[in-house]
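The numbers in our numbering rise by one with no breaks, and the one at position 146 of the sequence shown is 793.
Have a look at the structure below before the remarks.
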Amino acid sequence: MDIRYSTGKEPFKRMTTEELREEFLIQNVFVKDDVSCVYSHVDRIVTMGCMPVDETVNIEKNIDPWKNFGVHYLLERRELGTINIGGDGVAIVDGEEINVNHYDALYVPMGTKEVLFKSKDSKEPAKFYILTAPAHRAYPLTVIPYEKAIHKHLGKLEDSNERTINQYIHPDILDTCQLSMGLTHLEPGSVWNTMPAHTHERRMEVYFYFDIPENQAVFHFMGEPNQTRHIVMHNDEAVINPSWSIHSGCGTTNYTFIWGMVGENRAYDDQDWLKTEDLR
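Right, here's the structure in full:
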């Protein structure tokens, strides 16, 4: 398990490209029949990826719960959310099999002892993008099919930001302790996300970019509004954004990304908006 420690505003200003990538960029999210795991001390969020191809994979495959978390099993004091961006798959949660098909999401509560993932077709494997965060109580195990998500079509092509925000693990759909997750898809010809930019001091956020063609990229902007930096993102890569940082992106083509937030509240609109002309 890769462990990342918190970086404050002042050190951030002096970081090189290599240091920024080492601290905030998450690569190799999906590995065949394996689980990737990055633990961030920013609100203690854990970013994971699981791509079962020929095997049924336990999410604790590369985790020692006691050594890494001081618990007997991963979700003893944590909740988990996942969105499947690959082929149709199955989650086995404490022995219960649950279909989690393409673009479906699943919320797994605190106290769940075992979570396994498998694909329905090894030729089109499932790709479970996973976030887990500390929790204080157990809410119901819930599958959120794509059709049951809240779909908000926003922006316009003239501003290069026509997009659909798909809210899955969201206060208007289900209760969680602190985890929220959703998926935003940009239409062809649109390249900007989360612009005008905002911060939310009360929550951190992880972005996971995918559906980026091999010869394209997304420039992810982060940092204080008057001290912005960028990280070049390629397909199936994630980036950690502290609460003091903006989080915005511009691609060389349209793309899709999953956003996940944890922190003091789950108020989706609790955002401190910034004027684009004030960014530096």
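Quick reminder that beta carbons are idealized off the backbone N, C-alpha and C, glycines included.
Because the structure is a prediction, the values reported are computed rather than measured.
### Query
Which word fits residue 678, buried or exposed, when buried means at least 16 other C-beta atoms lie within 10 angstroms of its C-beta?
Taking the first residue of the sequence shown as position 1, residue 678 is located at position 31. The residue in question, residue 678, is exposed, as its Cβ has fewer than 16 Cβ neighbours within 10 Å.
### Query
Looking only at C-alpha atoms, which of 877, 921, 830 sits nearest to residue 668?
Counting from one through the sequence shown, the residue named residue 668 turns up at place 21. It is 877 whose Cα lies nearest to the Cα of residue 668.
### Task
Give the DSSP-derived three-state secondary structure of residue 659 in the structure shown.
Here residue 659 refers to the residue found at position 12 when the sequence shown is read from its first residue. Note: residue 659 maps to helix in three-state DSSP.
### Query
So what does residue 914 bridge to, in DSSP terms?
As a first step, residue 914 must be located in the sequence shown, where it is residue number 267. When beta bridges are read from the DSSP output, residue 914 appears opposite no residue.
#### Entry: Contact between the segment 700-715 and the segment 900-914 (3+ Cβ pairs under 8 Å)
no
### Query
When the Cα atoms are used, what is the spatial distance from residue 825 to residue 849?
One-based indexing of the sequence shown puts residue 825 at position 178. One-based indexing of the sequence shown puts residue 849 at position 202. Rounded to the nearest angstrom, the two C-alpha atoms are 11 Å apart.
### Query
Can you give the Cα-Cα distance for residue 746 and residue 737, rounded to whole angstroms?
Here the question's residue 746 lines up with position 99 in the sequence shown. Here the question's residue 737 lines up with position 90 in the sequence shown. Looking at the two C-alpha atoms, the distance is approximately 5 Å.
### Neighbourhood of residue 725 by C-beta distance below 7 Å, restricted to the same chain and skipping five residues each side
Here residue 725 refers to the residue found at position 78 of the sequence shown. Correct list, in chain order: 757, 779, 780, 781, 782.
### Task
Mind the definition here: the segment 780-799 touches the segment 852-868 only if three or more C-beta pairs lie below 8 Å; say whether that holds.
no
#### Entry: Reference residue 895; option with closest CA among 817, 821, 843
Walking along the sequence shown from the start, residue 895 turns up at place 248. Out of 817, 821, 843, 843 has the C-alpha closest to the C-alpha of residue 895.
### Query
Got a sec? Which residues, its chain only, sit under 6 Å from residue 674 by beta carbon, not counting five neighbours each side?
Sequence index remark: in the sequence shown, residue 674 carries index 27 (1-based). Closer than 6 Å at the Cβ level, and outside the excluded window around residue 674, lie 884.
#### Entry: Buried versus exposed call for residue 914 [16 or more other C-beta atoms within 10 Å across all chains shown]
Stepping through the sequence shown from its first residue, residue 914 is reached at position 267. So residue 914 counts as exposed.
### Query
Start and end of the beta strand (DSSP E) containing residue 746?
Against the sequence shown, residue 746 aligns to sequence position 99. For residue 746, the enclosing beta strand (DSSP E) begins and ends at 743-747.
### Message
Among the candidates 919, 920, 881, whose CA atom is the shortest distance from the CA of residue 901?
### Response
Counting from 1 along the sequence shown, the entry for residue 901 is found at position 254. Of 919, 920, 881, the residue nearest in Cα terms is 881.
### Query
The beta strand (DSSP E) with residue 799 in it runs from where to where?
Locating residue 799 in the sequence shown gives position 152, where the first residue counts as 1. Looking at the DSSP string, the run of the beta strand (DSSP E) that includes residue 799 is 797-801.
### Opposing strand residues paired with residue 766 [DSSP bridges]
On the sequence shown, residue 766 is found 119 positions in, with the first residue counted as 1. The partner list for residue 766 (beta bridge, DSSP) reads 736.
### Message
Quick check on residue 931: does DSSP put it in helix, strand or coil?
### Response
The structure shown does not extend to residue 931, since the chain spans only 648 to 927, so no value can be given for it.
#### Entry: Best match in 732, 729, 739, 692 for proximity to residue 716 [C-alpha to C-alpha]
Within the sequence shown, residue 716 is the residue found at index 69, counting from 1. Ranking 732, 729, 739, 692 by Cα distance to residue 716 puts 692 first.
### Query
Which stretch, first to last residue, makes up the alpha helix (DSSP H) that contains residue 781?
Residue numbering aside, residue 781 sits at position 134 when the sequence shown is read from its first letter. First-last for residue 781: 775-781, but that is the beta strand (DSSP E), not the alpha helix (DSSP H).
### Query
Is the beta carbon of residue 847 less than 9 Å from the beta carbon of residue 921?
Within the sequence shown, residue 847 is the residue found at index 200, counting from 1. Within the sequence shown, residue 921 is the residue found at index 274, counting from 1. Not closer than 9 Å, so no.
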